[in-house]
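Chains as they are written, first to last, in our numbering: chain E, 1 to 264; chain L, 265 to 496.
Structure record follows, encoded as structure tokens.
In structure tokens, the structure reads:
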């Protein structure tokens, strides 16, 4: 609860990027990630430039680079999967090791590929976090709709976001109730055993699911009562302003520039 | 039984919720906690079993101070029932929910089952053991929520708005039940009829402070004060 939510930051007017249309920031974030994916292994100049551009944007957005870096650590366990590239890529052998009688050779090309993938993953996660921190979720949905994502899917995402917090609160209240009755008597071992506690937790998850399901039924009934007929209603988004076009063109030029640097 | 000394608490955003609460409740006393929404009633109750930790001050329950080290023992002594029974009931059946506390405390399954029967009998819910809590009426869920703490045989019951949302019949049944229970009680409520029925003593909170602590009959006799405290 005390932890600061990146999504909540998007509601704060302090962000310098929040003045731009959410569609533009979303498109540029996606464009940045695709550009990173396009860069070849070992394109260090382009990767350094990409990192500097992103960190400059994060600085302009007054989000807090340290916060973004801390949150981006969640990507590392997944990025570690790239370590297998170190032994999978053919190249000049650098080191050898044996696991279970099987010999593995680390190659120079493998090391370069691994480092590139890990840096790309890290920067991509930071770009997404910067986007979340500077763009309200409703604007993200507008951007996704503008990218021709099916309206029904956009509506489901919007409702999931709306009710996720209610579900979270419900889960927290259940945990509080459980803790309130997690008592101990003198000279008795409290908490029984791990299996019993795991069973209780499993049942709580089941109960939460049932409640969520029943709530969804009530919400659907409320939607029907207000005329919902299965067709999501969308309002046309406002036109982009001059500053949005400037950002879009500038951002696109930066992405193209990175690709040119990487391939020349 | 319960002693609270100079208790203060601030919400995480810095808003003061409790400001220097002092009160003492003797064993067996039944005390109503009154006040408008946001007065600090629920926040005070959440301190009694250590769910919330005070910024300063002390709480002693049955001779045991509420500290992080004593939380488990405190929770065996303080039965806290939340306002919304859906917050209280987290198991798939009534039996599982009522048995959770006794089993967690290390009682043998047979003894826990016996406690469940006693607690359900006390609240008039015998025969509902295998029912899913979410299939019960609000009044029944409130009774089961009370049974979940009665099964732990606490010495102090802290109930948060137990009559909220109940129809007149369920409210009357609750009133009779609370009168019959022998435990010391501190009950947050807006229901003045319930207060007059069950609680000889009433404490009024306003903006996190105790502004009245007296005999219920005396408080209810002064219409102007009830208006002043926002109770009517």
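Yeah, the Cβ is synthetic: ideal placement off N, Cα and C, and Gly gets one too.
Residues near residue 119 (chain E) by beta carbon distance below 7 Å, same chain, minus five either side: The residue given as residue 119 (chain E) occupies position 119 in the first chain. Excluding residues within five positions, the ones whose Cβ falls inside 7 Å are 47.
Beta carbon proximity, residue 139 (chain E) to chain L, threshold 9 Å: Against the first chain, residue 139 (chain E) aligns to sequence position 139. Chain L contact via Cβ: absent.
Proximity winner among L:467, L:484, L:483 and L:494, relative to residue 309 (chain L) (alpha-carbon distances): In the second chain, the residue the question calls residue 309 (chain L) occupies position 45. Of L:467, L:484, L:483 and L:494, the residue nearest in Cα terms is L:467.
Candidates L:266, L:299, L:454 and L:286, of which the one nearest residue 493 (chain L) by Cα: For the purposes of this step, residue 493 (chain L) is taken as the residue at position 229 of the second chain. The option with the nearest alpha carbon to residue 493 (chain L) is L:299.
DSSP bridge partner residues for residue 328 (chain L) (one or two, in chain order): Counting from 1 along the second chain, the entry for residue 328 (chain L) is found at position 64. Answer is L:325, bridged to residue 328 (chain L).
Residues from the segment 395-409 of chain L in contact with chain E, defined by Cβ distance under 7 Å: Answer set for the segment 395-409 of chain L: 398.
Simplified DSSP state of residue 97 (chain E), which is helix, strand or coil: Residue numbering aside, residue 97 (chain E) sits at position 97 when the first chain is read from its first letter. Residue state, collapsed to three classes: strand.
Members of the segment 193-208 of chain E near chain L, C-beta cut-off 9 Å: Within the segment 193-208 of chain E, the qualifying residues are 196, 197, 200, 203, 204, 206, 207 and 208.
Beta-carbon neighbours of residue 214 (chain E), restricted to chain L and to distances below 9 Å: Against the first chain, residue 214 (chain E) aligns to sequence position 214. At a beta-carbon threshold of 9 Å, the residues of chain L lying near residue 214 (chain E) are 398, ordered along the chain.
For residue 241 (chain E) and residue 99 (chain E), the rounded distance between their alpha carbons: Counting from 1 along the first chain, the entry for residue 99 (chain E) is found at position 99. Counting from 1 along the first chain, the entry for residue 241 (chain E) is found at position 241. Cα-Cα distance, rounded: 59 Å.
Residue-chain proximity (residue 413 (chain L), chain E), Cβ-Cβ < 9 Å: Your numbering for residue 413 (chain L) matches position 149 in the second chain. Yes - at least one Cβ of chain E is within 9 Å of the one on residue 413 (chain L).
Whole-angstrom C-beta distance between residue 151 (chain E) and residue 237 (chain E), which should lie under 8 Å: For this step, residue 237 (chain E) is matched to residue 237 along the first chain. For this step, residue 151 (chain E) is matched to residue 151 along the first chain. At roughly 13 Å, the Cβ-Cβ gap does not stay under 8 Å, so residue 237 (chain E) and residue 151 (chain E) are not in contact.
Minimum C-alpha distance to residue 188 (chain E) - residue among L:274, L:366 and L:443: Position 188 of the first chain, counted from the start, is the residue given in the question as residue 188 (chain E). Comparing Cα-Cα distances from residue 188 (chain E) to each of L:274, L:366 and L:443, the minimum goes to L:366.
Residues sharing a beta bridge with residue 449 (chain L), DSSP: In the second chain, the residue the question calls residue 449 (chain L) occupies position 185. DSSP lists L:294 and L:421 as the beta-bridge partner residues of residue 449 (chain L).
Which listed residue (E:207, E:23 and E:258) has its alpha carbon closest to that of residue 131 (chain E): Looking up residue 131 (chain E) in the first chain gives position 131. Closest by alpha carbon: E:23.
Beta-bridge partners of residue 104 (chain E), as assigned by DSSP: By one-based count along the first chain, residue 104 (chain E) stands at place 104. Beta-bridge pairing links residue 104 (chain E) to E:97.
Pair within 9 Å by beta-carbon distance, residue 525 (chain L) and residue 451 (chain L): Only positions 265 to 496 of chain L appear in this structure, which leaves residue 525 (chain L) out of reach.
Residue 185 (chain E) at chain L interface by Cβ criterion, 9 Å: Locating residue 185 (chain E) in the first chain gives position 185, where the first residue counts as 1. True, the Cβ-Cβ gap to chain L drops below 9 Å.
Whole-angstrom C-beta distance between residue 345 (chain L) and residue 352 (chain L), which should lie under 8 Å: Within the second chain, the letter at position 88 stands for residue 352 (chain L). Within the second chain, the letter at position 81 stands for residue 345 (chain L). Confirmed, about 6 Å.
Integer-rounded CB distance, given that residue 194 (chain E) should sit under 8 Å from residue 370 (chain L): For the purposes of this step, residue 370 (chain L) is identified with residue 106 of the second chain, where counting begins at 1. For the purposes of this step, residue 194 (chain E) is identified with residue 194 of the first chain, where counting begins at 1. Not a contact, Cβ separation roughly 15 Å.
Closest by C-alpha distance to residue 428 (chain L), when choosing among L:382, L:413, L:456 and L:318: The count along the second chain starts at 1 and reaches residue 428 (chain L) at position 164. Selected option, being the one with the closest Cα: L:456.
Cross-strand partners of residue 275 (chain L) (DSSP beta bridge): The residue you call residue 275 (chain L) lines up with position 11 of the second chain. Answer is none; residue 275 (chain L) lacks a bridge partner.
Within chain L, partners of residue 180 (chain E) - CB distance below 7 Å: The residue you call residue 180 (chain E) lines up with position 180 of the first chain. What residue 180 (chain E) touches in chain L: 313, 315, 339 and 344.
C-alpha distance - residue 33 (chain E) paired with residue 121 (chain E), whole-angstrom precision: As a working note, residue 33 (chain E) is residue 33 in the first chain. As a working note, residue 121 (chain E) is residue 121 in the first chain. The C-alpha of residue 121 (chain E) is placed about 9 Å away from the C-alpha of residue 33 (chain E).
Cβ-based burial, residue 453 (chain L) [other Cβ within 10 Å; buried from 16]: Counting from 1 along the second chain, the entry for residue 453 (chain L) is found at position 189. It counts as buried.
Residue 189 (chain E) at chain L interface by Cβ criterion, 9 Å: For the purposes of this step, residue 189 (chain E) is taken as the residue at position 189 of the first chain. Yes, its Cβ sits closer than 9 Å to a Cβ of chain L.
Integer Cβ distance of residue 255 (chain E) from residue 25 (chain E), believed to fall under 8 Å: Position 255 of the first chain holds residue 255 (chain E). Position 25 of the first chain holds residue 25 (chain E). That pair is no contact at about 14 Å.
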